[in-house]
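Numbering (our numbering), first residue to last: 258 to 380.
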């Protein structure tokens with residue numbers, strides 16, 4: 258709709274000793290996020306929630322389809338993207354476009370990123 262502004266928030270934190278930038282924008286058709294420790298967009302991942310007919314049971318936890326659009330197609334980026342998609346879809350059902358560039362990966366780092374995104378959400 259014309260006249261609406263894009264809601265955007267940006268923050269930074271030290272995660273496991275590394276400066277981490279987070280940028281969040283809510284567009285009309287999707288959520289755009291960047292999580293970076295390199296001052297780069299990094300790998301660009303598309304995250305979409307699968308419809309109930311695509312998952313085997315409606316009672317299952319939400320299932321997400323991830324696709325690497327640009328950058329390195331590593332399994333870890335799919336893991337992070339699905340967890341971030343699940344966080345966002347608690348509040349909004351929009352697809353997510355995620356730019357991610359991290360120096361290290363661990364469950365603890367993922368949890369800290371999820372907390373940072375939740376406290377700076379635009380969705």
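Idealized CB from N, CA, C, for every residue including glycine. No experiment lies behind these values; they were computed from the predicted model shown.
So, at 7 Å on beta carbons, what are the nonlocal neighbours of residue 362 in its own chain, with the 5 sequence-adjacent residues on each side left out?
Around residue 362: 333.
When you compare only the Cα positions, how much space is there between residue 337 and residue 263?
Distance between the alpha carbons of residue 337 and residue 263 is about 24 Å.
Under 8 Å, with one C-beta from each stretch per pair, do the region 317 to 328 and the region 263 to 273 reach the 3-pair mark?
Touching, no, given that fewer than three Cβ pairs across the two stretches are closer than 8 Å.
Starting from the C-beta of residue 276, find all residues in its chain whose C-beta is less than 7 Å away, skip the five residues before and the five after it, and write them out in chain order.
Same-chain partners within the cutoff: 269 and 294.
Between the beta-carbon of residue 354 and the beta-carbon of residue 289, is there less than 9 Å?
Yes, they are a contact pair.
Do residue 341 and residue 292 have their C-beta atoms closer together than 9 Å?
Cβ distance < 9 Å, so residue 341 and residue 292 count as in contact.
Mind pulling the alpha helix (DSSP H) runs of 4 or more residues that sit fully within the region 291 to 345?
Counting whole runs of 4 or more residues, the region 291 to 345 contains the alpha helix (DSSP H) stretches 332 to 345.
So, for residue 316: in the same chain, excluding its five sequence neighbours on each side, which residues have a beta-carbon less than 7 Å away from its beta-carbon?
Its pLDDT being 49, under 50, residue 316 is placed unreliably by the model, and the measurement read from it follows with that caveat. So the list is empty, once near-sequence residues are dropped.
When you compare only the Cα positions, how much space is there between residue 339 and residue 274?
Those two C-alpha atoms are separated by around 24 Å.
Nearest to residue 376 by CA position, among 364, 344 and 352, is which residue?
Among 364, 344 and 352, the Cα nearest to that of residue 376 is on 344.
Can residue 272 and residue 370 be called in contact, C-beta distance under 9 Å?
In contact: residue 272 and residue 370 (Cβ atoms closer than 9 Å).
With DSSP as the reference, label residue 273 as helix, strand or coil.
In the structure shown, residue 273 sits in coil (DSSP, three-state: anything other than H, G, I, E or B).
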